[in-house]
Amino acid sequence: MGNVREWLFTPLARFSNLVELNDWLAIRCRELAQRKHPCHRGRTINECFQEEQRVLRPIIAPFEGYVEQMMRVSNTSLVHVDRNRYSVPVRFARQAVSVHISANPIQVVAQAQVVATHQRVFGRDQLICDPWHYLPVLEKKPGALRNGVPFVEWDLPLPIQAVRKCLLKRPKGDRAFVELLLLAQKVGLEALTVACECALEAGTVTAPIIMNEMRRLTDPGPPTSLEWPDGIVLTLEPLADCQRYDHLLGETHAH
């Protein structure tokens, strides 16, 4: 590793993105491959590698290059990575999670599942929030929709923003809009976007109408008719003969 760092990263080179870095590394590696091997002076590094490559075992699983750190989620449902803060779903607040830190992205793992993914930032003192992580907070405190930090600059589709602006002008409009978001979390944001477009075009911007349109858009519809196999087709249909019940009653029944 010491030799590789000296050959490739001394002096330290800078690049604007990973594509430029990888292109530069490919060029440098090809140049280094033409050097004389330190132990076999009569051969190049590339010639020795070609011989050795025949007995190398291929990597079966992809290599995931990240640094794993165990962290505790803060009371405000954030984890701190390199002087920056990243949001985590509020249900994991004050719990221990595993944070996978790579060049890009940053993933938060809890209960053997990835619960949060963010694009990594390299500045300092930045807050990276996913508003959907804080949706349960709105369910209890819908007023946070107006001034809550995760929601102030929420970049929602334009039709949803228009409906939000319209509903927040009405009494209890924040709670009505939160109900739309909660349903969108289940059926998808695209359904909410289309439903808002329909409501705006019709001039009927109310939460019940939009929710009804969302359910209509996501309704799986009636099940298709079943095709019965030939083996269970009824060959002898029963006769509709009610006199059989009179026979069972005998002489005790009244006509």
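Note that the sequence shown covers residues 1 to 255 in UniProt numbering.
Quick reminder that beta carbons are idealized off the backbone N, C-alpha and C, glycines included.
Just so it is clear, the structure is predicted and the values come from calculations on it, not from any experiment.
Cβ pair residue i, residue j closer than 7 Å
i           : j    : result
V205        : V178 : no
residue 259 : Q69  : Outside the displayed range of the chain (1 to 255) lies residue 259, so it cannot be described from this structure.
R35         : I45  : yes
L138        : L145 : yes
L32         : W7   : yes
A191        : M214 : yes
H37         : R28  : no
A202        : A176 : no
R120        : I106 : yes
S77         : A93  : yes
T193        : P171 : no
T218        : V187 : yes
Alpha helix (DSSP H) segment containing residue i, residue limits
i    : result
I27  : 18 to 33
H100 : Unbroken run through H100 is the beta strand (DSSP E), 96 to 101; no alpha helix (DSSP H).
A93  : Counting along the chain, A93 falls outside any alpha helix (DSSP H), and DSSP gives it neither H nor E.
A144 : 144 to 147
A110 : Where A110 is concerned, there is no enclosing alpha helix (DSSP H), although the beta strand (DSSP E) it sits in stretches over 106 to 110.
D246 : 243 to 249
A184 : 173 to 187
P136 : 135 to 140
L226 : Element bounds for L226: n/a, residue is neither H nor E.
I209 : 207 to 218
Expected contact under 8 Å - CB spacing of residue i and residue j to nearest Å
i    : j    : result
D174 : L168 : 6 Å
V88  : A116 : 5 Å
L135 : L181 : 6 Å
P159 : C196 : 4 Å
W132 : Q95  : Their Cβ separation, rounded to whole angstroms, is 18 Å, which puts W132 and Q95 out of contact at 8 Å.
R124 : R72  : Contact flag wrong, Cβ pair sits at about 21 Å.
S102 : G65  : 6 Å
D97  : V114 : In the sequence under discussion, the amino acid at residue 97 is Val, which differs from the Asp named in the question. With a Cβ gap of about 10 Å, V97 and V114 do not count as contacting.
Distance cut-off 6 Å: residue i Cβ against heavy atoms of the ligand COA
i    : result
N147 : What this structure holds is no ligand at all, so the ligand COA is not there to describe.
Which residues DSSP lists as bridging residue i, in chain order
i    : result
L127 : R85
A13  : According to DSSP, A13 bridges with nothing at all.
Q161 : Its beta-bridge partners do not exist; DSSP assigns none.
R202 : The question names Arg, yet the displayed sequence has Ala at residue 202. Paired residues: none, contrary to the question.
Span of the beta strand (DSSP E), counted from its first residue to its last, around residue i
i    : result
T117 : 113 to 118
Checklist entry - Along the chain, which unbroken stretches of the alpha helix (DSSP H) at least 4 residues long are found entirely within the stretch 30 to 81? => result 45 to 53
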